[in-house]
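Numbering (the working numbering), first residue to last: 30 to 361.
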Amino acid sequence: MKVKQIVLSSRPKGMPTKDQFRTETFTLPALQDGEVLTKALYFSVDPYMRGRMNDAKSYVAPYKVDEPIVGGGIGKIIETRSSGFQKDDLVQGFFPWATESVHKATTVQKIDTELAPAPYYLGILGMPGLTAYFGLLYIGKPKQGETVVISGAAGAVGIVVGQIAKLKGCRVVGIAGSDEKIKMLKDEFDFHEVINYKATSDMRKEIKDACPNDVDVYFDNVGGSISDAVIANINFHARIVLCGQIALYNSTEVPTGPRLQPMLLTRSALMQGFIVSNFKDHFSEGMEQLSQWVKEKKLKYEETIIEGFDKLPEAFLGLFSGKNKGKMILKV
Ligand code: NAP
């Protein structure tokens, strides 16, 4: 069977462009025992994939040049040689950027579309939702009445963090990069305060005004100067959850900023980085709780869905210019 696939054509220096991707046709190998053949329905594009485009040691192996990009995906089974699956089952897993693909049956999981629409399993009920859940609750440990500040607040992880913090009785302050996102966080997600970092010349003061009792938990999705301004306003015993540093993913030089250690020291604060897979032994707990909250309508979600397999690079690149509200999804 001939399929279309998108490969990494070269490694980017700085901000990637469409030239880093190439579409080609590929002949799938015949299905073996214990394998399933899927037709791709949805792909997740995620900021961490930028790191995999570099030839650098990290917590996950780099993509190989001339080989397909791989990421979260949802597909429909069109042929199976595994007794655990039937034709037409919807499954999620790591998918190559290809219109159809072959998987070992043990590497894909069925999804329950009665509970939630399929793309939720790439967002609130998938990796970003689990990241929000474990980062906030296991590292941030928010207590009722505390102030939680979230950068990248209108994105796939950020909107879940804000809602969980509200469920825990916290004052929630979100930072995002457009008036439309600010309006969404305020009107649809009831954040207490929201700041458009692109429309302010004094982030430190904006944070101070939005957080009269200082910042108890900072959930950091972006890093850079936004984080410098938040950390200048932390409370005693603040917890800083280092989830992402997207503002730095395309840096070609090591950026310098304020020395943060005196602030951490004098406020007895904790700053901890994490990768969601650190919590894999607790994933079932996270999924159960997130599913329950979704079912009870205590958590809602937002997605930006771009259609067309060929637009995968465009959807991915859009993450770095803030094109997405909520989770960026590619519908094939
Ligand atoms: P996302 O927030 O849905 O999408 C990325 C957003 O980042 C964009 O919409 C944009 O929003 C913002 N952004 C892009 N460039 C920026 C810049 N230079 N400065 C400030 N903001 C910028 O992405 P996500 O999937 O939820 O991920 C959020 C962060 O968490 C990323 O850093 C990601 O790498 C990280 N993450 C970590 C883990 C983990 O295991 N630790 C897991 C998942 C995600 P604006 O319009 O607001 O600028």
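Where a beta carbon is used, it is the ideal one built from N, C-alpha and C, also for glycine.
Counting along the chain, residue 316 sits inside no beta strand (DSSP E); it lies in the alpha helix (DSSP H) bounded by residues 312-324. Counting only runs of at least 4 residues, the region 55-115 fully encloses the following alpha helix (DSSP H) elements, listed from N- to C-terminal order: 77-81.
In the three-state reduction of the DSSP assignment, residue 309 falls in the helix class, which pools H, G and I. Here the region 207-215 does not lie against the region 231-247, with fewer than 3 beta-carbon pairs under 8 Å apart. The alpha-carbon separation between residue 224 and residue 202 amounts to approximately 8 Å.
Taking the Cα positions, residue 165 is about 16 Å away from residue 183. In the DSSP assignment, no residue is bridged to residue 296. Secondary structure within the region 128-180: the alpha helix (DSSP H) runs of 4 or more consecutive residues, fully enclosed, are 156-163 (chain order).
The straight-line gap separating the alpha-carbon atoms of residue 45 and residue 67 is approximately 29 Å.
Out of 37, 137, 136, 154, the CA that lies nearest to the CA of residue 144 is found in 154. Rounded to the nearest angstrom, the Cβ distance from residue 92 to residue 151 is 19 Å, too far for a contact under 8 Å.
In this structure, the straight-line span from the alpha carbon of residue 242 to that of residue 283 is close to 33 Å.
Apart from the 5 residues on each side of it in sequence, residue 105 sits with its Cβ closer than 7 Å to the Cβ of 67, 68, 70, 117, 119 in its chain, given in chain order. Membership of residue 347 in the alpha helix (DSSP H) is indicated by the continuous run 341-347. In the structure shown, residue 338 falls within a helical segment according to DSSP collapsed to helix, strand and coil. The way I'd put it, the region 269-284 doesn't touch the region 314-323; fewer than three beta-carbon pairs between them come closer than 8 Å. Residue 115 holds the alpha-carbon nearest to the alpha-carbon of residue 140 among 115, 161, 125. As the crow flies, the alpha-carbon of residue 158 is around 11 Å from that of residue 329.
For residue 275, there is no enclosing beta strand (DSSP E), as DSSP marks it with neither H nor E. With a cut-off of 8 Å on Cβ pairs, the region 50-66 is in contact with the region 128-136, counting three or more such pairs. Contact annotation, residue 286 with residue 257: C-beta distance approximately 5 Å; criterion of less than 8 Å satisfied.
The beta-carbon distance between residue 148 and residue 348, rounded to whole angstroms, is 16 Å. This is too long to meet the 8 Å contact definition. Following the DSSP letters along the chain, one finds residue 249 inside the beta strand (DSSP E) bounded by residues 244-249. Put simply, of 312, 350, 338 the residue whose alpha carbon is nearest the alpha carbon of residue 161 is 312. Taking C-beta atoms under 8 Å as the contact rule, residue 218 and residue 191 qualify, at a distance of about 6 Å. For residue 304, the three-state secondary structure derived from DSSP is coil.
Straight across, the Cα-Cα distance linking residue 297 with residue 199 is about 21 Å.
Exclusion of residue 229 from the 7 Å shell around the ligand NAP follows from its C-beta lying no nearer than that to any non-hydrogen atom of the ligand.
Cα atoms of residue 124 and residue 35: separation of roughly 12 Å, rounded to the nearest angstrom. Here residue 282 carries a coil assignment [DSSP, helix/strand/coil].
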